[in-house]
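This report refers to the structure that appears directly beneath it.
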Amino acid sequence: MKYRPGWQRGLIELRQSFTNPAELTSHFLWPVLMLVALFFLRYRDFGSTGLLLGALALPSILGMNAAMGMVSMSQLLTADRADGTLLRAKAIPNGMVCYLIGKVVSVAGGLIVDLAILLIPGLIIVDGIALGSAHWFTLVCVLLLGLVATLPIGAVLGSLLTTARSQGLIQLPMLALIAISGIFYPITALPGWLQFIGQLTPIYWMGLGMRSALLPSEAVVVEVGESWRHLETAAVLGVWAVAGLLLAPVVLRRMARRESGSKVAERREQALRRVA
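Note that my numbering has the sequence shown beginning at 78, numbered continuously upward.
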């Protein structure tokens, strides 16, 4: 298979992330902090709905973490562009596509492990979570489709930036989109125009899909149209996935064509001057 090196590269990077002390700490730190928050929310009621705040928070935290994979992808691509990794990749046949596949595999694998670290203890801590086999199937499908839909977008965004210092240009808008996506509270509480914008993003549909997988059926009353909209979730995430997978390799190849050894050296020199 001509794209097999990309898959192998991703698995190697994923394995290395669990042998590096700094990266290993990052895998556990955020899930542990979220579990502490869930512990204190586990018995609090959400208004007069009869639902527990901890049960509502768990799928929301999972959805937010999965959505932040776009930022992680963007940061990694920007770093690889700065140190010349992308420049070397473009010299290999199918190098840019294999590079993209490798990053999707490594980032998605790391996110899935992080979510498992959060989800498994969270199911023990929090009451009111649905655990049927159909719910698990929905959760896995939404997670995998959501990652395929969002990670290539992160690659496209990262290809537009030349330095790690410019990552704030992505992080701030991303946090704003997460805020209006219904991840932390029902999107129906927002003005109509914000609801429209939120539903254009894959973040909203990832959160909706995870809530449909983990929450009891009566929780649907707080959603748009009082429906989990499974078909719409699959369709929107599918469109984003296809668009991202088609667009990302093209953008990466065009960006790589503008890269040169002199540009990489110039960025290194600028970084050294800032440190000095």
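C-beta: ideal position from N, C-alpha, C; glycine also.
Proximal residues to V225 (C-beta, below 6 Å), its chain only, five neighbours per side dropped: For the purposes of this step, residue 225 is taken as residue 148 along the sequence shown, with counting starting at 1. Closer than 6 Å at Cβ, skipping near neighbours: A318.
Three-state secondary structure assigned by DSSP to D204: Taking the first residue of the sequence shown as 1, we reach residue 204 at position 127. In the structure shown, D204 sits in coil (DSSP, three-state: anything other than H, G, I, E or B).
Beta bridge counterpart(s) of D122 as assigned by DSSP: To locate residue 122, count along the sequence shown from 1; it is residue 45. DSSP output for D122 lists L129 as bridge partner(s).
Cβ-Cβ distance between W282 and V316 below 8 Å: Within the sequence shown, numbered from 1, the residue matching residue 282 stands at position 205. Within the sequence shown, numbered from 1, the residue matching residue 316 stands at position 239. Contact: no.
Cβ neighbour criterion (16 or more within 10 Å) applied to T155: Locating residue 155 in the sequence shown gives position 78, where the first residue counts as 1. It is buried - the Cβ of T155 has at least 16 other Cβ atoms within 10 Å.
Close Cβ partners of L254 (< 7 Å) along its chain, the five nearest in sequence each way excluded: Along the sequence shown, one-based indexing puts residue 254 at 177. Hits under 7 Å: T278, I280.
Reduced DSSP secondary structure (H/G/I, E/B, other) of A168: Numbered from its first residue, the sequence shown carries residue 168 at position 91. In the structure shown, A168 sits in coil (DSSP, three-state: anything other than H, G, I, E or B).
Collapsed DSSP secondary structure at S176 in the structure displayed: One-based indexing of the sequence shown puts residue 176 at position 99. Here residue 176 is Tyr; the residue named in the question, Ser, does not match the sequence. Looking at Y176 - three-state DSSP - the assignment turns out to be helix.
Alpha helix (DSSP H) segment containing S258, residue limits: For the purposes of this step, residue 258 is taken as residue 181 along the sequence shown, with counting starting at 1. Premise fails: S258 is in no alpha helix (DSSP H) and is neither H nor E.
Limits of the alpha helix (DSSP H) - the one that S304 falls within: Within the sequence shown, residue 304 is the residue found at index 227, counting from 1. Bounds of any alpha helix (DSSP H) do not take in S304, whose DSSP letter is neither H nor E.
Where R158 sits in the DSSP three-state scheme: For the purposes of this step, residue 158 is taken as the residue at position 81 of the sequence shown. In this structure, DSSP gives R158 a helical state, which the three-state scheme calls helix.
Integer-rounded CB distance, given that G161 should sit under 8 Å from G284: Within the sequence shown, the letter at position 207 stands for residue 284. Within the sequence shown, the letter at position 84 stands for residue 161. Actually they are not in contact, since the Cβ atoms of G284 and G161 sit about 37 Å apart, beyond 8 Å.
Straight-line Cα distance separating A99 from Q152: Counted from its first residue, the sequence shown places residue 152 at position 75. Counted from its first residue, the sequence shown places residue 99 at position 22. Roughly 16 Å between the two C-alpha positions.
Residues near M147 by beta carbon distance below 6 Å, same chain, minus five either side: On the sequence shown, residue 147 is found 70 positions in, with the first residue counted as 1. Correct list, in chain order: T227, I230, G231.
Own chain partners of Y176 with C-beta closer than 6 Å, once the 5 adjacent residues on each side are dropped: On the sequence shown, position 99 is the one that residue 176 refers to. A166.
Of the residues I138, S258, A159, the one placed nearest V113, counting alpha carbons only: Here residue 113 is taken as the residue at index 36 of the sequence shown, counted from 1. For the residues I138, S258, A159, the minimum Cα distance to V113 belongs to I138.
DSSP three-state assignment for N142, whether helix, strand or coil: Translated into positions along the sequence shown, residue 142 becomes position 65. Helix at N142.
Backbone secondary structure at F117 - three-state DSSP: Position 40 of the sequence shown, counting from 1, holds the residue named residue 117. It is helical.
Reduced DSSP secondary structure (H/G/I, E/B, other) of T96: In the sequence shown, the residue the question calls residue 96 occupies position 19. Coil at T96, not helix or strand.
Rounded separation between V109 and E300 - CA only: Along the sequence shown, one-based indexing puts residue 109 at 32. Along the sequence shown, one-based indexing puts residue 300 at 223. Going from the Cα of V109 to the Cα of E300 covers about 29 Å.
Alpha-carbon to alpha-carbon, L118 and A193: Taking the sequence shown and counting its residues from 1, the one referred to as residue 193 is at position 116. Taking the sequence shown and counting its residues from 1, the one referred to as residue 118 is at position 41. Using only the alpha carbons, I get a separation of about 20 Å.
Close beta carbons around G179, own chain, < 6 Å, minus the five adjacent residues each side: Counting from one through the sequence shown, the residue named residue 179 turns up at place 102. So the list reads G83, R86, G87, once near-sequence residues are dropped.
Residue span of the alpha helix (DSSP H) that contains P279, given as start and end: As a position in the sequence shown, residue 279 is number 202, starting the count at 1. Start and end: 279 to 291.
Candidates A311, V328, G302, A290, of which the one nearest L135 by Cα: Looking up residue 135 in the sequence shown gives position 58. Comparing C-alpha distances from L135 to each of A311, V328, G302, A290 shows the shortest one belongs to A290.
Candidates W107, A144, I89, of which the one nearest P250 by Cα: Walking along the sequence shown from the start, residue 250 turns up at place 173. For P250, the nearest C-alpha among the options comes from A144.
Pick from H212, I260, N142 that is closest to G186, judged by C-alpha positions: Position 109 of the sequence shown, counted from the first residue, corresponds to residue 186. Among H212, I260, N142, the Cα nearest to that of G186 is on N142.
Exposure label - V233; buried when at least 16 CB within 10 Å: Here residue 233 refers to the residue found at position 156 of the sequence shown. Buried is the call here.
Beta-carbon separation (whole angstroms), I247 vs G275, contact threshold 8 Å: Sequence index remark: in the sequence shown, residue 247 carries index 170 (1-based). Sequence index remark: in the sequence shown, residue 275 carries index 198 (1-based). About 18 Å separates the two Cβ atoms, so there is no contact after all.
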